[in-house]
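Structure first, commentary second.
Protein chains: 2
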Amino acid sequence: MSSEYDLTKEVTDKYSLRGRVFNKIRDDILNGVYKEHDELKEIKIGKELGVSRTPVREALRQLELEGLVQIIPNRGAFVTGIQENDVHDIYMIRALLEGLCARWATERIKPEQLEAMEENIYLAEYHAAKGHMDQMAELDSQFHHILYDACSSKMLEHLLIDYHQYVLRIRKKTLSTVERSTACNKEHRGIMEAIRAGKADLAERLAGEHMRSAYENMVRNGLYDIYKSDRKDS
Amino acid sequence: MSSEYDLTKEVTDKYSLRGRVFNKIRDDILNGVYKEHDELKEIKIGKELGVSRTPVREALRQLELEGLVQIIPNRGAFVTGIQENDVHDIYMIRALLEGLCARWATERIKPEQLEAMEENIYLAEYHAAKGHMDQMAELDSQFHHILYDACSSKMLEHLLIDYHQYVLRIRKKTLSTVERSTACNKEHRGIMEAIRAGKADLAERLAGEHMRSAYENMVRNGLYDIYKSDRKDS
DNA sequence: ACGTGTATAATTGTATACATCAAAAACAAT
DNA sequence: ATTGTTTTTGATGTATACAATTATACACGT
């Protein structure tokens with residue numbers, strides 16, 4: 000069972016109103032429901048979700064810290080969103096950090112975690128072969144979360160989980176093609192083998208390349224036109 | 000004038016209660032006033048600061064997102080703090096990211112920013128020579144913020160400012176020695192020269208080394224014993 | 001003595017009320 | 001018609017009130 004690698008960020012999210020509101024708004028921003036510079040009014044959102052202002056406010060304050068929302072005192076909360084160039088930056092940042100994560104994981108991974116990775120890749124290859132594309136994003140997420148866990152760095156894990164979330168929507172699209180999915184699985188396997196063999200340098204390099212190739216695939220296929228609509232050159 | 004590079008993270012911090020409460024608790028955690036596993040009760044903190052629970056709650060929710068506080072639903076908020084190994088991780092992460100920042104800054108820096116860096120280093124060298132150690136942390140912060148600004152990446156800037164803050168207390172201690180201060184200034188100058196010369200690879204490498212040498216200096220001088228007290232091996 | 005169960009207190013979660021601020025509208029003056 | 005001022009409106013900032021949950025204390029039974 001790999002239910003251990005639950006992808007929910009905080010346990011609180013499921014059980015508190017604030018957590019649900021936070022996730023809802025966050026998803027709506029990442030999924031383009033709210034666009035750049037949209038104003039997020041506490042009362043309106045509260046009504047829509049059937050809650051009072053309080054949990055909405057708390058959620059907005061958190062989103063401010065994540066950089067998805069800008070709060071101007073006494074004015075309101077405005078969507079910051081993710082720009083086209085932000086996606087580029089995120090992938091370049093991730094290339095470095097996933098590399099570091101793979102390096103540390105090589106030195107610190109536990110047998111169960113390696114086991115879990117093995118199982119994950121096996122499953123992913125199976126579903127890719129069968130064309131079950133809807134499963135791929137989930138499995139990809141899981142693979143990376145196992146890696147984040149295995150690096151045994153609270154700091155790095157926290158960071159990578161955040162950045163992983165940011166590009167959630169785009170990842171779903173990217174992985175919906177068979178080509179990218181199979182390539183992705185191959186790269187995952189490569190990283191795992193390097194970790195298993197204790198080759199930290201190789202693992203780091205492969206993890207970095209994994210990010211770059213994901214990004215290049217995205218650009219090549221014009222898969223992030225979705226962000227272009229609400230672009231502003233300021 | 001370099002007042003442009005104001006180090007406050009958000010404008011809201013100064014003017015809203017929540018912002019002040021947030022900064023206060025944050026500083027208290029980073030400065031060791033609250034220790035690992037301390038419980039942060041909304042009413043108590045509110046009373047201490049002379050405010051109601053609302054701003055305190057919002058601040059705690061934000062700190063949760065920063066990872067400095069863990070919130071257990073219906074139970075309370077507990078200090079997570081920064082462990083000894085977290086400091087290590089932060090510096091290794093920063094080594095990569097400051098490197099990337101320097102690289103991008105090399106390609107995108109504006110003349111005014113280069114000017115500001117020049118001025119900053121000049122001032123820092125002056126104060127270091129005069130033994131004005133109290134100024135060093137501030138100037139160091141300023142240098143890095145100029146760099147963050149110059150890389151023209153909202154994402155990377157946001158991230159680096161966060162991590163820079165995390166190690167604020169320890170940086171103050173480290174820079175209080177003349178040796179480290181002068182070495183630090185030399186490294187800053189090196190980075191600036193590389194950027195000015197358009198040597199991105201060199202700038203990246205130097206910025207990374209700057210972090211590693213800062214960390215090694217810290218370890219060598221046992222300067223982060225302060226974190227050891229509340230350590231737990233879990 | 002020990003564990004269990006209930007009552008009480010304390011704390012958090014949420015909703016609402018009031019205060020404050022800022023943009024928008026209405027109006028006056030030029 | 002345009003500008004400047006006042007009024008109004010609507011939103012946020014903060015405080016408080018109530019509900020739900022959890023921790024504590026104590027009595028009871030074994």
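Respectively, the protein sequence lines represent chains U and B. According to numbering that gives the first Met the number 0, the first sequence is numbered sequentially starting from 0. According to numbering that gives the first Met the number 0, the second sequence is numbered sequentially starting from 0. Ideal Cβ placement from N, Cα and C applies to all residues, glycine included. All of these numbers come straight from a predicted model, not from anything done at the bench.
* Asked: According to the neighbour-count rule (16 or more other Cβ atoms, all chains shown, within 10 Å of its Cβ), is U/S51 buried or exposed?
  -> Here residue 51 of chain U refers to the residue found at position 52 of the first sequence. The residue in question, U/S51, is exposed, as its Cβ has fewer than 16 Cβ neighbours within 10 Å.
* Quick one: is U/R74 near chain B, going by C-beta distance under 8 Å? -> For the purposes of this step, residue 74 of chain U is taken as the residue at position 75 of the first sequence. Residue contact with chain B for U/R74: absent (no Cβ-Cβ distance below 8 Å to any residue of chain B).
* From the DSSP output, in three-state form, read off U/S228 for me. => Reading the first sequence from its first residue, position 229 is the one you call residue 228 of chain U. In this prediction, U/S228 scores a pLDDT of 43, lower than 50, which makes its location untrustworthy; no coordinate-derived value is stated.
* Asked: The alpha helix (DSSP H) spanning U/R76 covers which residue range?
  -> Start at 1 with the first residue of the first sequence, and residue 76 of chain U comes out as number 77. This sequence places Ala at residue 76 of chain U; Arg is not what is there. First-last for U/A76: G75 to V78, but that is the beta strand (DSSP E), not the alpha helix (DSSP H).
* Please name the residue, chosen from U/T105, U/Y214, U/A196 and U/K129, that lies closest to U/S152 on a Cα-to-Cα basis. => On the first sequence, residue 152 of chain U is found 153 positions in, with the first residue counted as 1. Residue U/T105 is the option with its Cα nearest to U/S152.
* Span separating the alpha-carbon of B/F77 from that of B/R25 -> Against the second sequence, residue 77 of chain B aligns to sequence position 78. Against the second sequence, residue 25 of chain B aligns to sequence position 26. C-alpha separation (whole angstroms): 13 Å.
* Asked: Secondary structure at B/Q82, three-state DSSP: helix, strand or coil?
  -> As a first step, residue 82 of chain B is located in the second sequence; it is residue number 83 there, counting from the start. The answer is coil: DSSP assigns B/Q82 none of H, G, I, E or B.
* Asked: Would U/L96 pass as a contact of U/E203 if the rule is Cβ separation under 8 Å?
  -> The sequence position of residue 96 of chain U within the first sequence is 97, counting from 1. The sequence position of residue 203 of chain U within the first sequence is 204, counting from 1. Their beta carbons are not under 8 Å apart, which means U/L96 does not touch U/E203 by this criterion.
* Could you tell me whether the Cβ atoms of B/L29 and B/R168 are closer together than 8 Å? => By 1-based counting over the second sequence, the position of residue 29 of chain B is 30. By 1-based counting over the second sequence, the position of residue 168 of chain B is 169. Their beta carbons are under 8 Å apart, which means B/L29 touches B/R168 by this criterion.
* For U/E215, decide whether its Cβ has a neighbour in chain B, counting only Cβ atoms nearer than 8 Å. => Against the first sequence, residue 215 of chain U aligns to sequence position 216. Chain B contact via Cβ: absent.
* Label B/N73 either buried or exposed according to how many other C-beta atoms from any shown protein chain fall within 10 Å of its C-beta, with 16 as the threshold for buried. => In the second sequence, counting from the first residue as 1, residue 73 of chain B sits at position 74. The Cβ neighbour count for B/N73, taken over all protein chains shown within 10 Å, is under 16; the residue is labelled exposed.
* Rounded separation between U/A136 and U/H126 - CA only -> Along the first sequence, read from residue 1 onward, the residue named residue 136 of chain U stands at position 137. Along the first sequence, read from residue 1 onward, the residue named residue 126 of chain U stands at position 127. Whole-angstrom Cα-Cα distance: 11 Å.
* Roughly how many angstroms lie between the CA atoms of U/I71 and U/L174, to the nearest whole one? -> The sequence position of residue 71 of chain U within the first sequence is 72, counting from 1. The sequence position of residue 174 of chain U within the first sequence is 175, counting from 1. Taking the Cα positions, U/I71 is about 37 Å away from U/L174.
* To the nearest angstrom, report how far apart U/A149 and B/R60 are at their CA atoms. => Residue mapping note: residue 149 of chain U aligns to position 150 of the first sequence, counting from 1. Residue mapping note: residue 60 of chain B aligns to position 61 of the second sequence, counting from 1. Straight-line Cα distance between these residues: approximately 27 Å.
* Got a sec: which bits of the segment 145-160 of chain B sit with their beta carbon under 8 Å from any beta carbon on chain U, in order along the chain? -> S152, K153, M154, L155, H157 and L158
* **Cα-Cα separation, U/R179 to B/N220** => Locating residue 179 of chain U in the first sequence gives position 180, counting from the first residue. Locating residue 220 of chain B in the second sequence gives position 221, counting from the first residue. Using only the alpha carbons, I get a separation of about 49 Å.
* For B/E38, which of helix, strand or coil comes out of DSSP? -> On the second sequence, position 39 is the one that residue 38 of chain B refers to. Here B/E38 sits in strand by DSSP.
* If we count the other Cβ atoms within 10 Å of its Cβ and call it buried at 16 or more, is U/H111 buried or exposed? -> Along the first sequence, read from residue 1 onward, the residue named residue 111 of chain U stands at position 112. Note that residue 111 of chain U is Glu in the sequence shown here, rather than His. Looking at its Cβ environment, which holds fewer than 16 other Cβ atoms inside 10 Å, U/E111 is exposed.
* Alpha carbon to alpha carbon, how far is U/Q134 from U/G197? -> Sequence index remark: in the first sequence, residue 134 of chain U carries index 135 (1-based). Sequence index remark: in the first sequence, residue 197 of chain U carries index 198 (1-based). So the two alpha carbons sit approximately 30 Å from each other.
* How would you write the range of the alpha helix (DSSP H) that B/I24 sits in, first residue to last? -> Here the question's residue 24 of chain B lines up with position 25 in the second sequence. Where B/I24 is concerned, the enclosing alpha helix (DSSP H) starts and stops at L16 to L29.
* Extent of the continuous beta strand (DSSP E) run through B/Q69 -> In the second sequence, the residue the question calls residue 69 of chain B occupies position 70. V68 to I71 is the extent of the beta strand (DSSP E) around B/Q69.
* **Boundaries of the alpha helix (DSSP H) in which B/S140 is found, first to last residue** => Residue mapping note: residue 140 of chain B aligns to position 141 of the second sequence, counting from 1. In the DSSP assignment, B/S140 falls within the unbroken alpha helix (DSSP H) covering M135 to A149.
* **For B/N220, the three-state DSSP class (helix, strand or coil)** => Looking up residue 220 of chain B in the second sequence gives position 221. Residue state, collapsed to three classes: coil.
* Return the first residue and the last residue of the alpha helix (DSSP H) that U/V177 is part of. => The count along the first sequence starts at 1 and reaches residue 177 of chain U at position 178. Counting along the chain, U/V177 sits inside the alpha helix (DSSP H) bounded by residues V177 to R195.
* Where does U/V32 fall in DSSP's three states? -> Position 33 of the first sequence, counted from the start, is the residue given in the question as residue 32 of chain U. Looking at U/V32 - three-state DSSP - the assignment turns out to be coil, as it is neither helix nor strand.
* Asked: Where does U/I169 fall in DSSP's three states?
  -> As a working note, residue 169 of chain U is residue 170 in the first sequence. Here U/I169 sits in helix by DSSP.
* To do: Consider the C-beta atom of U/V86 and the heavy atoms of the ligand SAH; say whether any pair is separated by less than 7 Å.
  => No copy of the ligand SAH occurs in the structure displayed, which carries no ligand at all.
* **Check whether U/L205 and U/A101 have beta carbons under 8 Å apart** => Reading the first sequence from its first residue, position 206 is the one you call residue 205 of chain U. Reading the first sequence from its first residue, position 102 is the one you call residue 101 of chain U. Contact annotation: U/L205 and U/A101 have beta-carbon atoms nearer than 8 Å.
* **Within 8 Å, strictly: CB atoms of B/L113 and B/R195** => Residue numbering aside, residue 113 of chain B sits at position 114 when the second sequence is read from its first letter. Residue numbering aside, residue 195 of chain B sits at position 196 when the second sequence is read from its first letter. Result yes, Cβ atoms of B/L113 and B/R195 sit closer than 8 Å.
* Asked: Would you say B/Q164 faces chain U, with C-beta separation under 8 Å as the test?
  -> Numbered from 1 along the second sequence, position 165 holds the residue referred to as residue 164 of chain B. So no, B/Q164 is outside the interface.
* For U/A156, I'd like the list of residues in its chain whose CB is within less than 6 Å of its CB, leaving aside the five on either flank, ordered along the chain. => Numbered from its first residue, the first sequence carries residue 156 of chain U at position 157. Residue identity check: residue 156 of chain U is Glu in the sequence provided, not Ala. Residues of the same chain with a CB within less than 6 Å of the CB of U/E156, apart from the 5 flanking positions on each side, are Y147 in chain order.
* Asked: At a Cβ threshold of 8 Å, is U/G66 touching chain B?
  -> Here residue 66 of chain U refers to the residue found at position 67 of the first sequence. Taking Cβ atoms only, chain B reaches closer than 8 Å to U/G66, which makes this a yes.
* Could you round the C-beta distance between U/Y214 and U/Y121 to whole angstroms and report it? I think they count as a contact, below 8 Å. => Here residue 214 of chain U corresponds to residue number 215 of the first sequence, with the count starting at 1. Here residue 121 of chain U corresponds to residue number 122 of the first sequence, with the count starting at 1. U/Y214 to U/Y121, Cβ: 26 Å. No contact.
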